[in-house]
Amino acid sequence: MKTAGSRLKATDGRRLGVGPKIADAHYGKAEHRAWRAEVLRRAMFCCQHPGCTATVYTTRLYADHIVELKDGGDPLDPENGQALCGAHHTRKTIAERAKRARA
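So this is what it looks like as structure tokens:
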């Protein structure tokens with residue numbers, strides 16, 4: 001029995017590289033550092049995800065924008081900030097990106 005040949009070209013096995021992440025200039029400014037310090041202070045240096053016990057003493061905490069900047073969130077309003085451990089920050093970021101991709 002004859003089969004049709006493949007129309008796909010063989011690859012050499014290399015993956016496409018992703019360029020380095022370039023952070024927005026906003027994140028390097030003194031105003032952002034002050035916002036971050038205020039968000040962490042208000043959270044008493046603990047992850048604010050329900051049930052999480054991570055603290056600044058046990059893991060790195062991120063000052064996360066509740067409403068992301070790409071979605072119109074205020075970059076310097078402490079009310080738009082929450083302290084999250086790395087695991088919960090990553091989960092939230094992935095979920096927000098997926099939501100934007102579906103929109």
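For the sequence shown, the UniProt record's numbering assigns the number 1 to the initial residue and increments by one for each residue that follows. The beta carbon of each residue, even a glycine, is placed where N, CA and C say it ideally should be. Values in this document were obtained by computation on a predicted structure and should not be read as measured data.
Top-ranked residue by Cα proximity to residue i, from the options
i, options, result
"Gly-86", "Pro-78, Pro-50, Arg-33, Asp-64", "Asp-64"
"Thr-59", "Trp-35, Leu-40, Asp-71, Thr-93", "Leu-40"
"Glu-38", "His-49, Ala-54, Thr-93, Pro-75", "Pro-75"
"Asp-71", "Asp-24, Ala-25, Arg-100", "Arg-100"
"His-49", "Glu-96, Ala-98, Arg-91", "Arg-91"
Start-to-end residues for the alpha helix (DSSP H) that takes in residue i
i, result
"Leu-61", "It is not in any alpha helix (DSSP H) - Leu-61 instead sits in the beta strand (DSSP E) that spans 61-65."
"Gly-86", "86-102"
"Glu-79", "That residue, Glu-79, is in no alpha helix (DSSP H); it is neither H nor E in DSSP."
Nonlocal neighbours in the same chain, by C-beta distance under 6 Å from residue i, ignoring five residues either side
i, result
"Ile-66", "Asn-80, Gln-82"
"Gly-73", "His-65, Val-67, Asn-80"
Own chain residues within Cβ distance below 8 Å of residue i, not counting five before or after
i, result
"Phe-45", "Thr-55, Val-56, Tyr-57, Leu-61, Ala-83"
Spatial neighbours of residue i in its chain, beta-carbon cut-off 7 Å, leaving aside the 5 residues before and after
i, result
"His-26", "His-32, Pro-75"
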